[in-house]
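Note sheet for the following structure.
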Amino acid sequence: MSADAGVIAVSSTCTPYTGAGTLQREQELSRFLAEVEKRALRIAEISIRDRDEAHDLVQNAMIKLVRKYSDRGEDEWTPLFYRILQNGVRDWHRRQAVRNRVMVWTGRAKDEDGNYDPVASAPDPGGRTPDEHLQNREAMQALEKAVRELPARQREAFMLRTFEGLDVRGTATAMGCSEGSVKTHYSRAVHSLRETLGEHWQ
Amino acid sequence: MSNPKDRKDEAKDDLFAQKAGALFRESADRLDGQAQSRLNRSRQAALAELDSGTVTLNRWTQWAPAAGAAAVAVVAVVLLTGNPEIDPTVNPGTEQLAGDFELLMAADSFDMLQELEFYSWIDIDAELEGESATGADVG
Numbered sequence: 172m173s174a175d176a177g178v179i180a181v182s183s184t185c186t187p188y189t190g191a192g193t194l195q196r197e198q199e200l201s202r203f204l205a206e207v208e209k210r211a212l213r214i215a216e217i218s219i220r221d222r223d224e225a226h227d228l229v230q231n232a233m234i235k236l237v238r239k240y241s242d243r244g245e246d247e248w249t250p251l252f253y254r255i256l257q258n259g260v261r262d263w264h265r266r267q268a269v270r271n272r273v274m275v276w277t278g279r280a281k282d283e284d285g286n287y288d289p290v291a292s293a294p295d296p297g298g299r300t301p302d303e304h305l306q307n308r309e310a311m312q313a314l315e316k317a318v319r320e321l322p323a324r325q326r327e328a329f330m331l332r333t334f335e336g337l338d339v340r341g342t343a344t345a346m347g348c349s350e351g352s353v354k355t356h357y358s359r360a361v362h363s364l365r366e367t368l369g370e371h372w373q
Numbered sequence: 014m015s016n017p018k019d020r021k022d023e024a025k026d027d028l029f030a031q032k033a034g035a036l037f038r039e040s041a042d043r044l045d046g047q048a049q050s051r052l053n054r055s056r057q058a059a060l061a062e063l064d065s066g067t068v069t070l071n072r073w074t075q076w077a078p079a080a081g082a083a084a085v086a087v088v089a090v091v092l093l094t095g096n097p098e099i100d101p102t103v104n105p106g107t108e109q110l111a112g113d114f115e116l117l118m119a120a121d122s123f124d125m126l127q128e129l130e131f132y133s134w135i136d137i138d139a140e141l142e143g144e145s146a147t148g149a150d151v152g
């Protein structure tokens, strides 16, 4: 009884985010999330090929970052955010693998839910000629396809380094591995992609 | 040492990465209004966590085990040093202190704290019994 009261009293009197401090932190977090969210959505979407699910993963990552790491320095947020997101992507793939096994076992093949069409969902062009837009869209689609075919760790390293622009250290934090591993995964990913896409893509 | 062929290859890798990055950023910037709106809602939902108190609760619960152990340690020291019946300079008493401290630091120490008066009474009672049996002078 008295212990419970003590916990409530501590929670209500030791609130670290109050007044101007809360507002400032909220503004910093808002700026950070707004800056990173579009790329995060695309990275998640490329990883799991489903925009709806990608939205859910990004939202979960945002909430977890705010809950657990809002008191960390701003420079730590990007690798921490992507670490949460990558964990979400890995969990999604695990759940999907189980789901697919169950679907096969129950005799239901992948159905209309899986008819992802990147062309139909591609956004409107802006500021480019139709030819340029078409070329870039096709190049991006080819790149996405090749990236999806990479082994998971290579894909993560490539997307975090090239798409999000994280340095080796930040990528290592996000992936939960050593900097040496990041360099190896990234190098293999780039060589593999160049080989898959061919000279004409470059 | 890297030879010219390696350097040329690295340069091609860099060019490839630059092009891939530019294409990706363009595709992210061209996200449709619906996706951007949903991202905005997600961001607001996440920021609402700051106001909900969940963040504070997590910070408290994160430190709860350490704070609990510290509280137990403080209570143990106060009780044991504040008890004139026990002289920590005498070996048997010191051993007892160590035993009591270990017991208080055990996982169920919170339950132990609630029953502290009871255990203290048992302790004093046992000491008095020991004195009367051996005739030893503790003070």
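Chains as they are written, first to last, in the working numbering: chain D, 172 to 373; chain H, 14 to 152.
For each residue, glycine too, the CB sits at the ideal point set by N, CA and C.
Bear in mind that the values here come from a model prediction, so they are computed numbers and not experimental data.
Subject >> Within-8 Å CB hit, D/Met311 to chain H >> reply: Locating residue 311 of chain D in the first sequence gives position 140, counting from the first residue. Closer than 8 Å to some Cβ of chain H, the Cβ of D/Met311 qualifies, so yes.
Subject >> D/Thr342 - containing alpha helix (DSSP H), residue span >> reply: Walking along the first sequence from the start, residue 342 of chain D turns up at place 171. Note, D/Thr342: alpha helix (DSSP H), 339-346.
Original post:
Since H/Ala24 meets chain D, which of its residues come closer than 7 Å, beta carbon to beta carbon?
Top reply: For this step, residue 24 of chain H is matched to residue 11 along the second sequence. Chain D residues near H/Ala24: none, gap ~11 Å exceeds 7 Å.
Original post:
If we ignore side chains and look at the alpha-carbon of each, how far apart do H/Glu62 and D/Arg238 end up?
Top reply: Working through the second sequence from its first residue, we reach residue 62 of chain H at position 49. Working through the first sequence from its first residue, we reach residue 238 of chain D at position 67. Roughly 7 Å between the two C-alpha positions.
Original post:
Counting only beta-carbon atoms, is D/Glu199 nearer than 8 Å to chain H?
Top reply: For the purposes of this step, residue 199 of chain D is taken as residue 28 along the first sequence, with counting starting at 1. No - not a single Cβ of chain H is within 8 Å of the one on D/Glu199.
Original post:
Is the shortest distance between the beta-carbon of H/Arg56 and the beta-carbons of chain D less than 8 Å?
Top reply: Working through the second sequence from its first residue, we reach residue 56 of chain H at position 43. True, the Cβ-Cβ gap to chain D drops below 8 Å.
Original post:
chain D partners of H/Arg51, CB-CB under 7 Å?
Top reply: Within the second sequence, the letter at position 38 stands for residue 51 of chain H. The contacting residues are His226.
Subject >> Straight-line gap, D/Trp372 to D/Ala343 (C-alpha atoms, nearest Å) >> reply: Residue numbering aside, residue 372 of chain D sits at position 201 when the first sequence is read from its first letter. Residue numbering aside, residue 343 of chain D sits at position 172 when the first sequence is read from its first letter. Roughly 29 Å separates the two Cα atoms.
Original post:
So, D/Ile219 versus D/Val273, is the Cβ gap smaller than 8 Å?
Top reply: Within the first sequence, the letter at position 48 stands for residue 219 of chain D. Within the first sequence, the letter at position 102 stands for residue 273 of chain D. The beta carbons of D/Ile219 and D/Val273 sit no closer together than 8 Å.
Original post:
Do we get a CB-CB distance below 8 Å when we pair D/Val260 with the residues of chain H?
Top reply: Here the question's residue 260 of chain D lines up with position 89 in the first sequence. So, not an interface residue.
**OP:** Go ahead and pull the three-state DSSP assignment for H/Pro17.
**Re:** Here residue 17 of chain H is taken as the residue at index 4 of the second sequence, counted from 1. H/Pro17: helix per DSSP, three-state reduction.
Original post:
Under 8 Å between the Cβ atoms of D/Ile234 and H/Ala33?
Top reply: Here residue 234 of chain D corresponds to residue number 63 of the first sequence, with the count starting at 1. Here residue 33 of chain H corresponds to residue number 20 of the second sequence, with the count starting at 1. No, they are not a contact pair.
**OP:** Give a yes or no on whether the C-beta atoms belonging to D/Val229 and D/Leu251 are separated by under 8 Å.
**Re:** Position 58 of the first sequence holds residue 229 of chain D. Position 80 of the first sequence holds residue 251 of chain D. Taking 8 Å as the Cβ cut-off, D/Val229 and D/Leu251 do not qualify as a contacting pair.
Subject >> Simplified DSSP assignment, three categories, for D/Trp372 >> reply: Here residue 372 of chain D refers to the residue found at position 201 when the first sequence is read from its first residue. Looking at D/Trp372 - three-state DSSP - the assignment turns out to be helix.
Subject >> Pick from D/Asn307, D/His356, D/Lys316, D/Ile255 that is closest to D/Ala345, judged by C-alpha positions >> reply: For this step, residue 345 of chain D is matched to residue 174 along the first sequence. Nearest of D/Asn307, D/His356, D/Lys316, D/Ile255 to D/Ala345, Cα basis: D/Ile255.
Subject >> Minimum Cβ-Cβ distance from H/Asp42 to chain D less than 8 Å >> reply: Residue mapping note: residue 42 of chain H aligns to position 29 of the second sequence, counting from 1. Chain D contact via Cβ: present.
Subject >> 8 Å Cβ cutoff met for H/Arg51 and D/His226 >> reply: The residue you call residue 51 of chain H lines up with position 38 of the second sequence. The residue you call residue 226 of chain D lines up with position 55 of the first sequence. It is a contact, given that the beta carbons lie within the stated cut-off.
Original post:
What three-state label does DSSP hand D/Glu320 in the structure shown?
Top reply: Counting from one through the first sequence, the residue named residue 320 of chain D turns up at place 149. Of the three classes helix, strand and coil, the one that applies to D/Glu320 here is coil, per DSSP.
**OP:** Leaving aside the five residues before and after D/Val339 along the sequence, list all residues of the same chain whose C-beta is less than 7 Å from its C-beta, in chain order.
**Re:** As a working note, residue 339 of chain D is residue 168 in the first sequence. The beta carbon of D/Val339 lies closer than 7 Å to those of Glu350, Val353, Lys354 in the same chain, with the five residues before and after it left out.
**OP:** Scan the stretch 247-273 of chain D for residues whose Cβ lies nearer than 8 Å to a Cβ of chain H and list them as they occur along the chain.
**Re:** Of all residues in the stretch 247-273 of chain D, none has a Cβ within less than 8 Å of some Cβ in chain H.
Subject >> H/Asp22 versus D/Val275 - alpha carbon distance >> reply: Indexing the second sequence from 1 puts residue 22 of chain H at position 9. Indexing the first sequence from 1 puts residue 275 of chain D at position 104. Each residue's alpha carbon lies about 44 Å from the other.
Original post:
Going by the beta-carbon positions, is the gap between D/Leu319 and D/His356 smaller than 8 Å?
Top reply: Taking the first sequence and counting its residues from 1, one reaches residue 319 of chain D at position 148. Taking the first sequence and counting its residues from 1, one reaches residue 356 of chain D at position 185. Reading off the sequence, residue 319 of chain D comes out as Arg, not Leu. No, Cβ-Cβ distance for D/Arg319 and D/His356 is not below 8 Å.
Subject >> Option nearest D/Glu199 by Cα separation, candidates D/Trp248, D/Ile217, D/Gln257 >> reply: Within the first sequence, numbered from 1, the residue matching residue 199 of chain D stands at position 28. Nearest C-alpha to D/Glu199: D/Trp248.
Original post:
Near D/Ala328, what residues of its chain come up, given a Cβ to Cβ distance below 7 Å and the 5 sequence neighbours on each side ignored?
Top reply: Sequence index remark: in the first sequence, residue 328 of chain D carries index 157 (1-based). Answer for D/Ala328: Thr342, Met346, Val353, His356, Tyr357, Ala360, listed in chain order.
Original post:
Hey, how far is the Cα of D/Leu236 from the Cα of D/Glu216?
Top reply: For the purposes of this step, residue 236 of chain D is taken as residue 65 along the first sequence, with counting starting at 1. For the purposes of this step, residue 216 of chain D is taken as residue 45 along the first sequence, with counting starting at 1. C-alpha separation (whole angstroms): 19 Å.
Original post:
Just curious, the alpha helix (DSSP H) that D/Leu228 is in, first and last residue?
Top reply: Start at 1 with the first residue of the first sequence, and residue 228 of chain D comes out as number 57. From DSSP, the alpha helix (DSSP H) with D/Leu228 extends over 222-240.
Original post:
Looking at the structure shown, is D/Thr367 part of a helix, part of a strand, or coil, going by DSSP?
Top reply: In the first sequence, residue 367 of chain D corresponds to position 196, counting from 1. Correct three-state label for D/Thr367: helix.
Subject >> Within chain H, the residues that D/Ile219 reaches when beta carbons sit closer than 7 Å >> reply: Along the first sequence, read from residue 1 onward, the residue named residue 219 of chain D stands at position 48. None at all; the shortest Cβ gap to chain H is about 15 Å.
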